[in-house]
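Just so you know, we're using this note's numbering here: the sequence shown kicks off at 688 and counts up by one. The beta carbon of each residue, even a glycine, is placed where N, CA and C say it ideally should be. Just below is one structure, and these are the notes that go with it.
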Amino acid sequence: MVEKKNATERRTLWIVLGLNIGLAIAFFASGAFGDSSALIANGLDNLSDSFVYAISLFALSRSTKWKRGAANVSGGLLILFALGILYDAWRRYVGGSDPLGTIMIVMALVAAAINALCVWLLARLRDPDVNIRAANTFSWNDFAANLGIVVAGGLVAWLGTNWPDLVVGVIVAGIAAWGGVGILKDAHGEHHKAVHDDNQASEDIA
Numbered sequence: 688m689v690e691k692k693n694a695t696e697r698r699t700l701w702i703v704l705g706l707n708i709g710l711a712i713a714f715f716a717s718g719a720f721g722d723s724s725a726l727i728a729n730g731l732d733n734l735s736d737s738f739v740y741a742i743s744l745f746a747l748s749r750s751t752k753w754k755r756g757a758a759n760v761s762g763g764l765l766i767l768f769a770l771g772i773l774y775d776a777w778r779r780y781v782g783g784s785d786p787l788g789t790i791m792i793v794m795a796l797v798a799a800a801i802n803a804l805c806v807w808l809l810a811r812l813r814d815p816d817v818n819i820r821a822a823n824t825f826s827w828n829d830f831a832a833n834l835g836i837v838v839a840g841g842l843v844a845w846l847g848t849n850w851p852d853l854v855v856g857v858i859v860a861g862i863a864a865w866g867g868v869g870i871l872k873d874a875h876g877e878h879h880k881a882v883h884d885d886n887q888a889s890e891d892i893a
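What follows is the structure in structure tokens.
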């Protein structure tokens, strides 16, 4: 039963990993072409997610201690990613940018559909461990960020200014940082639960 569960989780994570790598490439390409901070931000987000899914796959069949460690790395990567996005938004604010609203909207809608598929695939897994929950957090964050890019793209096209693109880039960074902190808290809670269970087992033996 456990082997079947692990096989299902592994297959799902491989699919989600492949989708996120493809999205990262598409975001980087469209962000460079459309001069968009928000698209570049989501590209970095998906690339960060891909690393995390790879770590989760590595930890899947290992001990709970390994899984907690993988989740801690995942949360830390999200926070580092958020700092990188803030830097990129500041660079574009100082140096100026000319984002293309139409490119932003089209790419964000395609990505939102793919992220919704990832959320659905991960939600089908029963009794998810801390890494699967982290993966689901990433997919929900990406879905919310893509909806924000659609709004920003519309404002950029309507107003002819770059500030909505920069604002969404900063918001994406905030969402990522919030998700990273949440994952670290979840992993910390798992650690305390494991310590409590070990202590309880020792008392029962005594």
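Output the boundary residues of the alpha helix (DSSP H) element that contains T789. Counted from its first residue, the sequence shown places residue 789 at position 102. G788 to A810 is the span of the alpha helix (DSSP H), which, as asked, contains T789.
Taking DSSP as the reference, what is the three-state secondary structure of G718? The residue labelled residue 718 in the question sits at position 31 within the sequence shown. In the three-state reduction of the DSSP assignment, G718 falls in the helix class.
Check whether the stretch 764-776 touches the stretch 726-740, taking contact to mean three or more Cβ pairs, one atom from each stretch, closer than 8 Å. As far as the Cβ criterion goes, the stretch 764-776 touches the stretch 726-740, which means the pair count is three or higher.
Of the residues A800, G866, T824 and A716, which one's Cα is nearest the Cα of A810? Reading the sequence shown from its first residue, position 123 is the one you call residue 810. That would be T824, whose Cα lies nearest to the Cα of A810.
Return the Cβ separation of L710 and I801 in integer angstroms, given the expectation that the two are a contact with Cβ distance under 8 Å. For the purposes of this step, residue 710 is taken as residue 23 along the sequence shown, with counting starting at 1. For the purposes of this step, residue 801 is taken as residue 114 along the sequence shown, with counting starting at 1. Taking a contact as a CB-CB distance under 8 Å, the pair L710 and I801 counts as one, their CB atoms being some 6 Å apart.
Proximity winner among A694, A758, D785 and N759, relative to A719 (alpha-carbon distances): The residue labelled residue 719 in the question sits at position 32 within the sequence shown. The residue from A694, A758, D785 and N759 with its alpha-carbon nearest to that of A719 is D785.
In chain order, what residues of the same chain have a beta carbon less than 7 Å from the beta carbon of W827, not counting five sequence neighbours either side? Numbered from its first residue, the sequence shown carries residue 827 at position 140. If we look at W827 and ignore the five residues flanking it on each side, its Cβ neighbours are V806.
Decide if V859 is buried, meaning its Cβ has at least 16 other Cβ atoms within 10 Å, or exposed. Here the question's residue 859 lines up with position 172 in the sequence shown. V859 is buried by the Cβ-count criterion.
In chain order, what residues of the same chain lie with their CB nearer than 7 Å to the CB of F768, ignoring the 5 residues before and after it? Locating residue 768 in the sequence shown gives position 81, where the first residue counts as 1. Closer than 7 Å at the Cβ level, and outside the excluded window around F768, lie L731, D732, S735 and A863.
What is the DSSP secondary structure of R666, reduced to helix, strand or coil? Only positions 688 to 893 of the chain appear in the structure, and residue 666 is not among them; the question remains open.
Nearest by alpha-carbon distance to N833: which of G856, K872, V760 and I819 is it? Here residue 833 corresponds to residue number 146 of the sequence shown, with the count starting at 1. Of the candidates G856, K872, V760 and I819, the one whose C-alpha sits nearest the C-alpha of N833 is G856.
Leaving out five residues before and five after L796 in sequence, what residues of the same chain have Cβ atoms less than 8 Å from its Cβ? Along the sequence shown, read from residue 1 onward, the residue named residue 796 stands at position 109. Around L796: N833 and V837.
CA-CA distance, A713 and D873? As a working mapping, residue 713 is identified with position 26 in the sequence shown. As a working mapping, residue 873 is identified with position 186 in the sequence shown. Taking the straight line from one Cα to the other gives about 31 Å.
When you compare the CB positions of L812 and S724, do they come within less than 8 Å of one another, or not? Position 125 of the sequence shown, counted from the first residue, corresponds to residue 812. Position 37 of the sequence shown, counted from the first residue, corresponds to residue 724. The Cβ atoms of L812 and S724 do not sit closer than 8 Å to each other.
Buried or exposed: L704, going by 16 or more other Cβ atoms within 10 Å of its Cβ? Translated into the one-based positions of the sequence shown, residue 704 becomes position 17. The residue in question, L704, is buried, as its Cβ has 16 or more Cβ neighbours within 10 Å.
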